[in-house]
Amino acid sequence: MQGARRMADTEDASGMKVLIADDHRLIIEGVKLKLAELDPAVETVVAMSLAELEQALAAHADTLDLALVDIAMPGTQGHRHVAQLRQSAPALPVIVLSGSEDVELMRALIDLGVLGFIPKAYSPDVMLSAIRLVLAGGVYIPPLLLASAQAGGWQPATPASAPPPAAGGPPASLDGLRSLLTERQIDVMRLLSQGKPNKLIARELGISEGTVKIH
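In the working numbering, the protein residues as written are 27 to 241.
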């Protein structure tokens with residue numbers, strides 16, 4: 027599966043092939059424009075219904091580097107199509123684009139192995155930053171879900187071999203997030219939880235403020 031070709035350095039996006047599954051032409055064209063900022067020659071495969079998504083996967087699954095998938099398209103039932111996509115192409119990085127900001131839906135999809143959930147209300151630049159993060163091997167967690175996790179309201183799915191949290195102990199949300207986030211993302215989250223602004227976090231970690239926002 028070409029998902030394994032994810033770039034350690036997203037500056038080198040040559041030959042990238044992306045599936046865009048959405049039933050709104052304006053969304054598709056807008057996503058194409060932002061992807062061109064990664065690579066002007068990026069190749070896109072478009073699906074506007076469940077049937078077209080299945081056809082696209084049958085024809086291109088072995089050459090795709092990324093899938094951007096909407097939840098509500100003609101023929102879909104909830105997020106069953108995302109679960110089927112994860113099962114049929116487990117090495118393909120999947121990001122969900124959705125008009126929903128339902129935290130429970132975000133949790134369910136991240137637990138399925140989706141590497142990012144981007145509400146369509148977010149800006150195109152946030153979407154592009156999230157895509158860069160995923161292509162670099164990270165996971166994009168929306169701020170709404172991250173806040174819920176920090177509050178102890180989410181414990182992501184863990185392997186069956188993982189020991190259960192100690193009775194009466196603190197919420198295991200951070201431990202669970204370690205399986206989803208990079209160490210740098212966790213560093214940023216820890217400092218955010220202390221109430222520190224982006225500028226101070228950037229100074230402490232030796233990175234740019236823009237990178238803090240991406241994380």
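A virtual CB, placed ideally from N, CA and C, is assigned to each residue, including glycine.
Computed from a predicted structure; not experimentally measured.
Item, Value
"Helix, strand or coil at GLY232 [DSSP, three-state]", "coil"
"Three-state secondary structure (DSSP) of LYS146", "coil"
"Between the CA atoms of VAL160 and VAL71 - distance to the nearest angstrom", "19 Å"
"Extent of the continuous alpha helix (DSSP H) run through LEU131", "129 to 138"
"Under 9 Å between C-beta atoms of ILE240 and ALA156", "yes"
"Nearest-angstrom Cα separation, counted from GLY104 out to ALA62", "30 Å"
"Coarse secondary structure for VAL68, derived from DSSP in three states", "coil"
"Local conformation of VAL97 per DSSP, three classes", "Contrary to the premise, residue 97 reads as Ile rather than Val in this sequence. The answer is coil: DSSP assigns ILE97 none of H, G, I, E or B."
"Buried or exposed by the 16-neighbour rule on C-beta atoms within 10 Å, applied to GLY164", "buried"
"Alpha-carbon spacing of ARG210 relative to PRO169, whole angstroms", "16 Å"
"N- and C-terminal bounds of the beta strand (DSSP E) containing VAL122", "120 to 124"
"Counted within 10 angstroms of its Cβ, other Cβ atoms place ALA77 as buried (16 or more) or exposed", "exposed"
"Span of the beta strand (DSSP E) around LYS43", "43 to 47"
"ARG229 versus ILE144 - alpha carbon distance", "27 Å"
"Check whether LEU123 and MET153 have beta carbons under 9 Å apart", "yes"
"Alpha carbon of ALA98 to alpha carbon of ASP48, nearest angstrom", "8 Å"
"Alpha helix (DSSP H) segment containing ILE53, residue limits", "51 to 61"
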